[in-house]
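Enquirer: In our numbering, the protein residues as written are 164 to 283. Backbone N, C-alpha and C define an ideal beta-carbon position, used for all residues, glycine too.
1. For the alpha helix (DSSP H) containing residue 180, name the first residue and the last one.
2. Reducing DSSP to helix, strand and coil, say where residue 201 ends up.
3. Looking only at DSSP bridge pairs, what is residue 265 linked to?
4. So residue 264 packs on residue 243, CB below 8 Å; how close in whole Å?
5. What residue from 194, 188, 245, 192 has the CA that sits closest to residue 218's CA?
6. Following the continuous beta strand (DSSP E) through residue 215, name the residue where it begins and the one where it ends.
7. On the DSSP bridge assignment, give the partners of residue 283 in chain order.
8. From which residue to which residue does the alpha helix (DSSP H) around residue 232 run?
9. Since residue 169 sits in a beta bridge, which residues does DSSP pair it with?
10. Touching or not, the segment 175-187 and the segment 198-209, by the rule of three or more beta carbon pairs under 8 Å?
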């Protein structure tokens, strides 16, 4: 069965690249350009992995991840960010098991991290 990934990334070019790379790797990807829309989708459909940028309008990735894990404690979370220090700050209440991939990264690295997380 194909793992379902929810992607929240406000940069249109980055979002397109990520969707294409993950789909080519065999994943089912639903993507949104903001955290609020992604959260609304999480409320009606289960996903195995939330892949989210941290800095986004309307709802940032950390808030999205917190709410996602409240809805589904088993969802895996990966942050993609140019601001790793923000994600690592213990005061922000990001899910502790979340993985952080710092920009820039190679799409191969993203796909292998996603595969590793979903296999765990």
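Expert: In short, the structure shows the following:
1. As a working mapping, residue 180 is identified with position 17 in the chain shown. According to the DSSP assignment, residue 180 belongs to the alpha helix (DSSP H) that extends over 175-187.
2. Residue 201 sits at position 38 when you count from the first residue of the chain shown. Look at residue 201 here: in three-state DSSP terms it is helix.
3. One-based indexing of the chain shown puts residue 265 at position 102. Residue 265 is bridged to 244.
4. Residue 264 sits at position 101 when you count from the first residue of the chain shown. Residue 243 sits at position 80 when you count from the first residue of the chain shown. Sure, about 5 Å apart at Cβ, within 8 Å.
5. Mapped onto the chain shown, residue 218 falls at position 55. The shortest Cα separation from residue 218 among 194, 188, 245, 192 belongs to 245.
6. Position 52 of the chain shown, counting from 1, holds the residue named residue 215. Counting along the chain, the beta strand (DSSP E) containing residue 215 begins and ends at 212-216.
7. Counted from its first residue, the chain shown places residue 283 at position 120. Residue 283 is not bridged to any residue.
8. Taking the chain shown and counting its residues from 1, the one referred to as residue 232 is at position 69. Where residue 232 is concerned, the enclosing alpha helix (DSSP H) stretches over 224-234.
9. The residue labelled residue 169 in the question sits at position 6 within the chain shown. DSSP, once it has assigned bridges, lists 193, 213 as partnering residue 169.
10. No contact exists between the segment 175-187 and the segment 198-209.
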